[in-house]
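Notes follow the structure.
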Amino acid sequence: MEPKLESLEPFESGFSLNPNPSFSPSVPVAQSNGVNAVHRLDDDKFDGSEMNLNANNANNFEEDEHVNVDLDFDEDVMDPYALAIVPVAEDNQLAHVESAYRRKPPPRSAELVRVTNLEIEDERYFRELVRRTRILYDSLWIHCMLEDDIRRRNVMNVMSGRVPRARGDMKVAALMRDRGLWLNQDKRFVGPIPGIHVGDVFCFRMELCVLGIHGQIQAGIDYLSSKQSSNGEPIATSVIVSGGYEDDEDSGDVIVYTGHGGQDKNSRQVVHQKLEGGNLGMERSMHHGVEVRVVRGFKYKGGIGEKVYVYDGIYKIEEYWFDVGKSGFGVYKFKLVRMEGQPEMGSSILKFAESIRANPLAARPVGYVSLDMSRSKEQVPVFLFNDIDDNHEPLNFDYQVTTIFPPFVYHNARSTGGCNCVDGCTLDCVCVKKNGGECTYDLNGRILRGKPIIFECGPFCSCPSNCLNRVSQKGVKNRFEVFRSMETGWGVRSLDLIQAGSFICEYTGVVLTRDQAQVFTMNGEDSLVYPNRFGERWAEWGDFSQVYSDYVRPSYPSIPPLEFAIDVSKMRNVACYMSHSPCPNVFVQLVMYDHANTAFPHLMLFAMENIPPMRELSLDYGAADEWTEKLAICN
DNA sequence: GGATGGTCACGGCA
DNA sequence: CTGCCGTGACCATC
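To convert a position in the first sequence, counted from 1, into this note's numbering, add 847.
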């Protein structure tokens, strides 16, 4: 078998595999777990001289195993990485643990590796690793920011004046770093990073550091320093193009990238640049034919801030020269050319989606079957697009915005009553108490963590419609498109960037009781969806057990298994066209709001990653043998 | 009142 | 220690 990792010859570092084992957690590798299995990379797959990619990846998928960490404190005190529910430690113990966390991490690895011939199951493994890490980062960010909102409100009640918002991006990165949850810290990738796909969108530069895509939080050129390099030469591995330099020229496949240095605090070029540091690293990478990753940062509507970062793939440095820039000072310029055989650039897809939103027919003259298959039933139009054959099937179904339950479900709906809040619902609200006494959504309607079931305020509550505890009942906000594809038949994608944690839509249809469903099945119909088969992916969103040792998994209230089926043979909505994936970007959250029968909750779908425009949405429909596994590789 | 620009407090890494 | 193709939040200004 071909080796998967290729040490880069001129830069053999000679570093040991694990330069600082006292900091590196030894991690049990993920084990097979039914449909959600992630592939294990065995040690013997790798030549002894090469890195085991798993060696230092601290993401632990197994819920009932503990990570063994060789830190300095007494193991009897407590295990800071305990994943099960543990008793809350006393303050002095926590302080002890915190100080252990604060130990300085080892210097960055000097080992340069390039991945080759990644097999499909390995690709899946790494994609899953990245997916879990991003889920943790994004959900933890929402959690930290909401906590900060509450803190600020309390502080402002006591004293007036400016109370700046915390930097959630940094806070989350620090929490994860101190627990060894950053990826790819034990090696440096040249070229693609396993599990990171062209077109992946990130909201923070810090997130790029956490994932090992680009290790610099400020500088645009990431490079192995000359000190660490075995031959004394710096080697550049990635750049961020964010338009910060006036002499940049970016035409997509070709970039003229300005070297760094010589700018003052106001980003004005005030002295000549020198061929050192990152600039020299770029020159040396060109000399050795080392490709660089390119991440573009630009303003885009729909991100958390106004800026997003998109991984655009790998580029070769073709030439460089010293030039006099617009400022009159000398700058280094590097011509980067995108390498062949990569998927379409994420940044151009984002721009294409923008143009479709502005003027669909001008951007794509052919392929529209309908400009709103919901026939104005949704608040935003749902496109139906097919440019590969003449199948118009989705138009044969009635579009159904919300699920139709049997009438008996609504009997006594009013009996449980609603809340009496007159303003926004706070922690005293009876509906909030039903959710375990914690906020369910943040101020932007992003879900904090998945639960067995969620109670939103409903028609019998007296709170206003802008109450924070009303999100999924308000319907679709993003512009979706049902599209025809060779791989998955029909699929769903969004024209907007969807932030992780955002509500997407309900999974609608006509609800049948178990008895009705049996009759239906006997008649040979095959258009039933069984809610109890959906993978319990809600448990992955907002699971902080790796971060907070006293974290308790949400289990309240427990509900009996769902026994109803959803008939989508006549009425359905956009959700019905979502494809199955073992590593989905959408999860199902059960939600109650308009009646009191918890045996018949609404199936609400939320994003569990930042989903770029035009990327297919996918759900875990459950056992793979019952559903065609439509996506060969997750996205 | 949406864009723009300044300032502030941070951060990892070379 | 410094400085980085700053970042992201916030506020004043246009």
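Beta carbons: idealized from backbone N, C-alpha and C, even for Gly.
Handout entry: Range of the contiguous alpha helix (DSSP H) that encloses valine 1057
Key = Within the first sequence, the letter at position 210 stands for residue 1057. From DSSP, the alpha helix (DSSP H) with valine 1057 extends over 1052-1057.
Handout entry: Which residues DSSP lists as bridging lysine 1154, in chain order
Key = By 1-based counting over the first sequence, the position of residue 1154 is 307. Lys1146.
Practice task
Since I believe serine 1085 is in contact with arginine 1140 (beta carbons under 8 angstroms), could you give me their beta-carbon distance rounded to a whole number of angstroms?
Solution key: As a first step, residue 1140 must be located in the first sequence, where it is residue number 293. As a first step, residue 1085 must be located in the first sequence, where it is residue number 238. Between arginine 1140 and serine 1085 the beta-carbon gap is near 4 angstroms, inside 8 angstroms, which marks them as a contact.
Problem - Buried versus exposed call for glutamate 1166 [16 or more other C-beta atoms within 10 Å across all chains shown] - result: For the purposes of this step, residue 1166 is taken as the residue at position 319 of the first sequence. By the 10 Å Cβ count, glutamate 1166 comes out exposed.
Practice task
Can you have a look at alanine 1347 and say buried or exposed, based on whether 16 or more other CB atoms are within 10 angstroms of its CB?
Solution key: As a first step, residue 1347 is located in the first sequence; it is residue number 500 there, counting from the start. Alanine 1347 comes out buried.
Problem - At least three beta-carbon pairs within less than 8 angstroms, the region 1341-1360 to the region 1291-1301 - result: Between the region 1341-1360 and the region 1291-1301, the count of Cβ pairs shorter than 8 angstroms is three or higher; the stretches touch.
Exercise for the section: Give me the Cα-Cα distance between proline 953 and glycine 1128, rounded to the nearest whole angstrom. Expected result: Taking the first sequence and counting its residues from 1, the one referred to as residue 953 is at position 106. Taking the first sequence and counting its residues from 1, the one referred to as residue 1128 is at position 281. If you draw a straight line from the Cα of proline 953 to the Cα of glycine 1128, it is about 22 angstroms long.
Practice task
Quick one: grab the DSSP three-state call for histidine 990.
Solution key: For the purposes of this step, residue 990 is identified with residue 143 of the first sequence, where counting begins at 1. Of the three classes helix, strand and coil, the one that applies to histidine 990 here is helix, per DSSP.
Handout entry: Cβ shell of arginine 1469 (< 6 angstroms), same chain only, five flanking positions each side left out
Key = Position 622 of the first sequence holds residue 1469. What sits at residue 1469 in the sequence shown is glycine, not arginine. Taken in chain order, the residues that qualify are Arg1380, Phe1381, Gly1382.
Problem - CA nearest to the CA of glutamine 1063, picked from Gly1079, Glu1387, Met1425, Gln1032 - result: Locating residue 1063 in the first sequence gives position 216, counting from the first residue. Comparing Cα positions, the closest option is Gln1032.
Problem - For glutamate 1456, the first and last residue of its enclosing beta strand (DSSP E) - result: Counting from one through the first sequence, the residue named residue 1456 turns up at place 609. Here glutamate 1456 belongs to no beta strand (DSSP E), and DSSP marks it neither H nor E.
Exercise for the section: Could you tell me if glycine 1059 is buried or exposed, where buried requires 16 or more neighbouring beta carbons within 10 angstroms of its beta carbon? Expected result: Stepping through the first sequence from its first residue, residue 1059 is reached at position 212. It counts as buried.
Exercise for the section: For lysine 1034, verify whether its CB is less than 7 angstroms away from any heavy atom of the ligand PLP. Expected result: You won't find the ligand PLP in this model; it holds no ligand whatsoever.
Problem - Where histidine 985 falls: helix, strand or coil (DSSP) - result: Stepping through the first sequence from its first residue, residue 985 is reached at position 138. Strictly speaking, residue 985 in this sequence is aspartate, with histidine absent from that position. Residue state for aspartate 985 is assigned as helix, using DSSP reduced to three classes.
Handout entry: Contained beta strand (DSSP E) runs [length at least 3] in the region 1065-1118, N- to C-terminal order
Key = Whole beta strand (DSSP E) segments, 3+ residues: 1068-1071, 1082-1088, 1101-1105.
Practice task
Leaving aside the five residues before and after serine 1202 along the sequence, list all residues of the same chain whose C-beta is less than 7 angstroms from its C-beta, in chain order.
Solution key: For this step, residue 1202 is matched to residue 355 along the first sequence. Only Ala1210 meet the Cβ criterion.
Handout entry: Straight-line gap, aspartate 1467 to alanine 1454 (C-alpha atoms, nearest Å)
Key = For the purposes of this step, residue 1467 is taken as residue 620 along the first sequence, with counting starting at 1. For the purposes of this step, residue 1454 is taken as residue 607 along the first sequence, with counting starting at 1. Rounded to the nearest angstrom, the two C-alpha atoms are 12 angstroms apart.
Handout entry: Alpha-carbon to alpha-carbon, histidine 1134 and arginine 1185
Key = In the first sequence, the residue the question calls residue 1185 occupies position 338. In the first sequence, the residue the question calls residue 1134 occupies position 287. C-alpha separation (whole angstroms): 17 angstroms.
Problem - Residue environment, glutamate 1463, which counts as buried when at least 16 other CB atoms sit within 10 Å - result: Indexing the first sequence from 1 puts residue 1463 at position 616. Buried.
Exercise for the section: Check whether the Cβ atoms of phenylalanine 1302 and asparagine 1325 lie closer than 8 angstroms to each other. Expected result: Indexing the first sequence from 1 puts residue 1302 at position 455. Indexing the first sequence from 1 puts residue 1325 at position 478. Going by C-beta atoms, phenylalanine 1302 is not nearer than 8 angstroms to asparagine 1325.
Handout entry: Exposure of glycine 1298, with buried meaning 16 or more beta-carbon neighbours within 10 Å
Key = Looking up residue 1298 in the first sequence gives position 451. Note that residue 1298 corresponds to lysine in the displayed sequence, not to glycine. It is buried - the Cβ of lysine 1298 has at least 16 other Cβ atoms within 10 Å.
Problem - Stretch-stretch touch, CB-based, cutoff 8 angstroms, three pairs: the region 953-966 with the region 1034-1052 - result: Contact holds between the region 953-966 and the region 1034-1052, because three or more Cβ pairs, one in each stretch, are under 8 angstroms apart.
Practice task
Using the DSSP secondary-structure output, state which residues sit across from lysine 1163 in a beta bridge.
Solution key: Mapped onto the first sequence, residue 1163 falls at position 316. For lysine 1163, the pairing in a beta bridge is given by DSSP as Val1184.
Practice task
Please state whether DSSP places threonine 1287 in a helix, a strand or coil.
Solution key: Translated into the one-based positions of the first sequence, residue 1287 becomes position 440. The three-state reading of DSSP puts threonine 1287 in coil, since its state is none of H, G, I, E or B.
Problem - Spatial distance of tyrosine 972 from valine 1002 (CA atoms) - result: On the first sequence, position 125 is the one that residue 972 refers to. On the first sequence, position 155 is the one that residue 1002 refers to. Distance between the alpha carbons of tyrosine 972 and valine 1002: 45 angstroms.
Handout entry: Segment contact flag, the region 1230-1237 with the region 1325-1341, C-beta cutoff 8 angstroms, min 3 pairs
Key = With three or more CB-CB distances shorter than 8 angstroms, the region 1230-1237 counts as touching the region 1325-1341.
Handout entry: Coarse secondary structure for alanine 1446, derived from DSSP in three states
Key = In the first sequence, counting from the first residue as 1, residue 1446 sits at position 599. Look at alanine 1446 here: in three-state DSSP terms it is coil, with no helix or strand label.
Practice task
Indicate the three-state DSSP secondary structure (helix, strand or coil) for glycine 1042 in the structure shown.
Solution key: Along the first sequence, read from residue 1 onward, the residue named residue 1042 stands at position 195. Note: glycine 1042 maps to coil in three-state DSSP.
Practice task
Find out if the Cβ-Cβ distance for the pair tyrosine 1147, valine 1155 is shorter than 8 angstroms.
Solution key: Counting from 1 along the first sequence, the entry for residue 1147 is found at position 300. Counting from 1 along the first sequence, the entry for residue 1155 is found at position 308. Yes, they are a contact pair.
Exercise for the section: Could you check which residue in Ala1386, Leu1359, Asp1373, Asn1457 has the C-alpha nearest to that of proline 1448? Expected result: As a first step, residue 1448 must be located in the first sequence, where it is residue number 601. Ranking Ala1386, Leu1359, Asp1373, Asn1457 by Cα distance to proline 1448 puts Leu1359 first.
Exercise for the section: State the DSSP-derived secondary structure class of isoleucine 997, mapped to helix, strand or coil. Expected result: Translated into positions along the first sequence, residue 997 becomes position 150. The answer is helix: DSSP assigns isoleucine 997 an H, G or I state.
Problem - Segment contact flag, the region 1427-1437 with the region 1394-1401, C-beta cutoff 8 angstroms, min 3 pairs - result: No: the two stretches stay apart, fewer than three of their Cβ pairs being nearer than 8 angstroms.
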